[in-house]
Amino acid sequence: MTTQPVPPQDGGTRAVPPHVRAGLRTRLRAFAGTSVALALLVAVTAALAAAYPRAVDRYGDAGLRRAVEQALPDQTTVQVQVPLPWMDTVKETEAALRVGPLTAARAEVLATAKEPLVPDPAQSSYGVRTTVALEAPDPWLPRPAGLPAQLVLAAQQDLASHARLSAGRLPRTTGAPVTAATAQVEAAVTVDTARKLDIRVGSVIHIPGSARAPLAVRVTGIVVPRVPEGAYWSALPVLRTPVLSRRPDRLPTDVHWLGGLLLAPDAGPALLGTPGRPDRYWHVAPDVATLRGHDLDRLASAVAALESGPGVQRLRAVVDEGLAAQTNLDEVLADHARLRSGIGPLLLLAAVGTGSLAVIVLAMAGGVAADRRRAELALLRARGASLPGLAVRLLAETAVVAVPAGALGLTAALLVLPGARTAPAVAAALAVTLLACVAFPLRAVVAHRTVRMHDGREDLTAARPSRRRTVAELTVLVIASGAVVVLRRQGSGSTGLVAAAPLLTGVVAALLLARLHPLPLRALSRATTRMRGLVVPLSLAQVARAPGFAVLPLLALLSALTTAAFGGSVLAGVTAARDQAALLEVGADGRIETITGELPRTLPDRVRRLPGVRDMTEASVTYDAKPAQSTQPVPLAGVAPDAYAHLSRHTSLGPFDAASLGQADAGTTGGADRPLPALASPRVAEEYGTGPYSVLLPDGTSVTVRIVLVRDRTPAVFGDDFLIVDRAGLPRGAAPTTTLLLTGDALNGRALRSAADGTAAAVRLRTEERTRHVDSPLQSGAERLYGAAVAAGAGYAVLALVLTVLRTAPERGALLARLRTMGMTRSQGRRLLILTALPQAFLAAAGGVLTGWGGIHLLSPGVDVTTIALASPSGLEGAVLRTDPLSLAVPALTVLLLAIAVPAGQAWWVSRRGSVRELRLGDS
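Read in our numbering, the sequence shown has 515 at position 513, and its numbers run on one by one without any break.
Written as C-alpha cells, this is what we have:
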C-alpha cells in the first residue's frame, strides 16, 4: 500500500506530490543539455532586454547633465532678485539688506523649487549687489582707452567657504552696524581681478556716493576661488574675472575694465549710499547630479513654475511683491529635448528590430523542444493526458530552468549598468522570461490538440499554403507597405508602427521566400534524377521531404540579417555624415589659413616636406572683394586651375575641368577686354549675372570676371557666396598666399602647428573637426546601441540557424547511420548532411543580403541620422543611410559557414559513436 501525501491542515496550499518533484528532476537530468542551452538563451536575452532601457536612461542622464554643464552657470541658474523695498525709513530699508532677512528668504526660495529641480545649496549664492556698474575715479586703476574702470559691488554670503586666501584676510565689519552713511568698508578681490586691475592688499578704491561723500573700499584680502567654474562664482562672473567692456554708444576701441569687489557679508546696507541701485538676489543653482533624462518634461515644468508660475507667486507673497525670477535653463532644456526627440525614434527602430528577433528566436527554441519530444507528448495524449494538464506539466519543466536564468540575466544587467531606473529593466526581463516559459507549452498544445500517434507527411515541395495563411500574409504585406510609405513620407518619428518598418520588410521577404522556396527545389530535383552520383539526389530528396516548417526559421534569419544590415547602415550613415560635415568645414584633409596679411613665403615648402602630406594646393583668398554693382563683399579665391581642379575632384566639392578656368593668354591680368573665367556659387551667379563685370579688390585694384561655371561647393571658401578665378590673372601684389589646402591620410596636427608657429595662421584638420561633432553622450550612446543591435542581429541569425539545424538533428543522425550500414562512406555522409542543410541557409543568406540592401534604399528617404551624427548644424543638408558592406556580408557569410560546419561536425560525431548506437538512440 503506497503512502499518499497528507494535505496541510492549516488551510495553506497543497503540498507538491513527491512523484511530481521526482518527475521534474528526471526530466531535467534526461534533457540536461537542452536545459542548459535554454537557460543560457534566456539569461542572455533577459540581460539584453533589461540592459536596453537602463542604457538609454544612462545615456539620457549623461546627455542632460552634459548639456547643463556646458551651458554657463549664468544661463542655468534661476536668478531671483528683489529691487530696493519701499520702506518708511532708511533704517527699515537697511534692515531688509542685513544677513538675517536674506538668509530667511533664501530658505524660502530653495524650498519653493520642486523636484526634479533640486537646488545645490553649496553653489546657490545670495546677497546684495549693485545693478549698475560704478566708475572708480582712482587714477592708479588701469585705463586701456583712457576710460575709468567700472566696478560691481556685492556683499555675497558664505565667501569663506568658497575661497581660500592668497594674501591678506577676508573682509569684515567692526564696531557699529554698517549703514547707508558708512564712510569706509572692507572688500576682497580674486587673484584675476587683482592681477588685471593692479590691486594689492591695502589698496583703497573710491566709489561715488549718492548725495554723500565717496565710499572708500579698502582691499583687505586676495582670494582664490575653490571651484571657479561653479555657480557660486560664475553666476556673476564679473566678481571672479574682470573683462574689457564697451558702452553701446562708443567706438569699438573705447573699452574699459569691468570688475567686481566682494564686500563683507553684512556690509550690504553700505550700497544704499551709492548710485548703484542695489538689489537683493538669490541664485538657485540646479544640482546636476540629480538630473534625470526621463524627467525632462517635469524638469521643464518645475523651472517654469519657479520662473513665472506658482513658485514665483508664492515667493512674492512671502518675500516681497517686487520679486522677479529669470533663467535661460528652460532654453537649455528645450535644446536638449530637440536632440532627444531626434534620437529617440532611431533608438526605437533598433529596439523594435532586436526585440522582435528575440521573440522569434525564443519561439523557435520552444518549437525545437516540442519537436524533439513529439513522440513522447503524443504517447502521453494517447494514454489520456489532458491538454491543460500537459500544458501545466511542460510549463513547470520550463519555468524551473527559465525563471532562474531570467533572474540571473536581470541581475547581470543591473550590476553592469548601475544608476538607472529598475522598473523598465525588470519588466523587460520578466517579459522575456514569461515568453520563454510559455513558448514550449503553447507549441506543444497546438501540435497535440488532437490525439494521434502518427503524423502524415508534409513534404515541402508538395505542401500547399492554406487560405488562412494567404490572408495572413496579405495582411502583413499591407501593414508593411503602409509602414514603409508613412516612414518615407513623415520620417521615423511619426507612429509606433513605423518603427517596425525595417523588421516588416524582412518579414515580407521571408514570407515571399517561403512561398518561392519549393520552386527551385522541384527544378533541382528533376534535374538530378538522372545523375549517377548518390549524394546530391539524396540530399535534395531529403530536403524536399522535410516538413513544411520553413516559415519561422526563414523569418528569423531574414529578420536578423535585415536588422543587422539596417543597424550597420545607420552607423555607416553617421560616419559618412561626420566626414562630409568635417570636409565642408575644412575644405580638405587639412587647412592652414590666415585672414590677416599673407603666409610666409617659406611656409609652403616647409609644410610640403612634412610627413603625411601627400599634396598641397595654395590659394589666395580675400573676403572683401566687391562686385561693381554691389556694396556687399563676396569671397574671392585665386588658385592654380590644374591643382585646384585635382583637389576638387579628390574631395568631391564642386569638381570641374581645369581648362574652363584657364586663360587664353596665360599670366595676363583680367581686364574689360580679357575677362577672367570664374567659378561661382549659384547665389552669386543669380545675383550678379554671368558678366562680364568688374570686381574691386581690397588693395584698390580691380579685375573683370566672367562666370563660366557654377558649383554649390568649393574647397577654398565656405558658405554660399564665392568666386574662384585663376590666380595668375589677378593683379600683382593682390594675390598673396593666404591659404594652404592639404591632402593626406595621416596629417600630424602637432607638426603642422609647429611649422606655422610664429605666424598668424590657424591650422585645422578634418579629423579634429570630425571628433567635435560627437558632443553629447546621447549621440555616442545611440551609436553604441546601434552597434549592439548589429551584433545582436548577427548573433540571433546564427542562433536561428543553429536551432534550425538542431531541430532535425536526430532524424539526420538516424538517416546517416542507416546509410552507413548500407555502405555509404564518411565523406559521402558528410557531404550529404552539408547539402541537406545548405539550400535553406543559402537562400536565407542571399535573401538577407538582398532584403537588407533593398530595405536600406527603400527606407533611406524617411530616416535622417543627422541628429546622431552632428552635434550642431552645419552645411550638410541631411545625413541619410549608407549601405555598409560589412554588416551585409559578414552575418550572411557566417550563416553559410555555420550551415557547413554544423552538419560536418554532426557527421564526424555520428561516425565516432557508431551506427548501431545511433540507430538505437534514434529509435528510442
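In this text, a Cβ means the ideal position worked out from N, Cα and C, and glycines have one as well.
Neighbour-count burial assignment, MET824, 16 or more Cβ in a 10 Å radius: Using a 10 angstroms sphere on the CB of MET824, the tally of other CB atoms stays under 16, which defines it as exposed.
Roughly how many angstroms separate the alpha carbons of PHE551 and ALA512, rounded to a whole number? Note that PHE551 scores a pLDDT of 44, beneath 50, so its modelled location is shaky; the value from the coordinates is reported in the next line. Pairing PHE551 with ALA512, the inter-Cα distance amounts to about 12 angstroms.
C-beta contact flag for LEU585 and ARG768 at 9 angstroms: Result yes, Cβ atoms of LEU585 and ARG768 sit closer than 9 angstroms.
Tell me which residue opens and which closes the alpha helix (DSSP H) that ALA107 is part of. It spans 101-114 - the alpha helix (DSSP H) in which ALA107 sits, taken as one unbroken run.
When the Cβ atoms of the segment 682-699 are set against those of the segment 623-640, are three or more pairs found closer than 8 angstroms? Yes, the segment 682-699 touches the segment 623-640.
Give the DSSP bridge partners of GLY640, in chain order. Partner(s): SER622 and VAL727.
ARG68 versus HIS338 - alpha carbon distance: Each residue's CA atom was taken as its position, placing ARG68 and HIS338 some 10 angstroms apart.
Let me know the secondary structure DSSP gives HIS208 once reduced to three states. Residue state, collapsed to three classes: strand.
Can you name, in chain order, every residue of its own chain whose Cβ lies under 6 angstroms from the Cβ of GLN278, other than the five neighbours on each side? It should be pointed out that residue 278 corresponds to Gly in this sequence rather than to Gln. Excluding residues within five positions, the ones whose Cβ falls inside 6 angstroms are THR132, VAL134 and LEU136.
Taking the CB atoms as reference points, tell me whether ALA404 and VAL44 lie closer together than 9 angstroms. Their beta carbons are under 9 angstroms apart, which means ALA404 touches VAL44 by this criterion.
Going straight from the alpha carbon of VAL510 to that of LEU754, what length do you get? In a straight line, the C-alpha of VAL510 is about 55 angstroms away from that of LEU754.
Reference ASP659, options THR692, ARG713, GLU689 and VAL130, closest by Cα: Checked all of THR692, ARG713, GLU689 and VAL130; the closest Cα to ASP659 is ARG713.
With ASP373 as the anchor, note down where its alpha helix (DSSP H) starts and where it stops. First-last of the alpha helix (DSSP H) with ASP373: 331-374.
Simplified DSSP state of THR741, which is helix, strand or coil: Strand.
According to DSSP, residues forming a beta bridge with ARG220: In DSSP, ARG220 forms a bridge with GLU188 and VAL206.
Could you spell out where the beta strand (DSSP E) holding THR706 opens and where it closes? It spans 704-712 - the beta strand (DSSP E) in which THR706 sits, taken as one unbroken run.
Does DSSP put VAL70 in a helix, in a strand, or in coil? In this structure, VAL70 counts as helix in the three-state DSSP scheme.
With distances taken from CA atoms, which of LEU241, PRO146 and GLY262 is nearest THR255? Residue PRO146 is the option with its Cα nearest to THR255.
Can you list, in chain order, the residues of its chain whose CB lies under 6 angstroms from that of ALA578, leaving out five sequence neighbours each side? For ALA578, where only same-chain residues beyond five positions count, the Cβ hits under 6 angstroms are ARG884.
Neighbourhood of ALA846 by C-beta distance below 7 angstroms, restricted to the same chain and skipping five residues each side: Around ALA846: LEU556, LEU559, LEU560 and VAL897.
Three-state secondary structure assigned by DSSP to VAL405: Of the three classes helix, strand and coil, the one that applies to VAL405 here is helix, per DSSP.
Exposure of THR176, with buried meaning 16 or more beta-carbon neighbours within 10 Å: Taking all protein chains shown into account, THR176 has fewer than 16 neighbouring C-beta atoms within 10 Å of its C-beta and is therefore exposed.
Quick test of your reading: GLY857 and THR564, contact by CB under 8 angstroms. State the CB separation rounded to the nearest angstrom. The Cβ separation is near 6 angstroms, so the contact holds.
DSSP beta-bridge partners for PRO629? The partner list for PRO629 (beta bridge, DSSP) reads VAL697.
Are the beta-carbon atoms belonging to HIS296 and GLY62 less than 9 angstroms from one another? Contact flag set, yes.
Classify GLY550 as helix, strand or coil using the three-state DSSP reduction. A caution first: GLY550 carries a pLDDT of 46, below 50, which makes its placement in the model too unreliable to give a value.
Does the pairing of the segment 71-91 with the segment 308-327 give three or more beta-carbon distances under 8 angstroms? At 8 angstroms Cβ cutoff, the stretches touch.
I need the DSSP call for GLN152, collapsed to helix, strand or coil. The answer is strand: DSSP assigns GLN152 an E or B state.
Sequence ranges, alpha helix (DSSP H) only - wholly within the segment 548-612, length at least 4: With a minimum length of 4 residues, the continuous alpha helix (DSSP H) runs that stay inside the segment 548-612 are 553-588 and 605-610.
Whole angstroms are fine: how far does the CA of THR869 sit from the CA of ALA196? Cα to Cα, the separation comes out at about 45 angstroms.
Taking the alpha-carbon positions, what's the LEU744 to VAL588 distance? About 10 angstroms.
What's the C-alpha gap between GLY408 and ARG517? Cα to Cα, the separation comes out at about 36 angstroms.
Can you have a look at LEU923 and say buried or exposed, based on whether 16 or more other CB atoms are within 10 angstroms of its CB? Unreliable positioning characterises LEU923 in this predicted model, as indicated by a pLDDT of 48, which lies under 50. A coordinate reading is not provided.
ARG656 and ARG715: beta carbons closer than 9 angstroms? Sequence inspection shows Gly at residue 656; the Arg mentioned does not correspond to that position. Contact flag set, yes.
Would a C-beta distance cut-off of 9 angstroms place ALA794 and THR356 closer than the cut-off? THR356 is positioned such that its CB atom lies closer than 9 angstroms to that of ALA794.
Helix, strand or coil: how does DSSP classify SER247 here? DSSP places SER247 in strand when its eight states are reduced to three.
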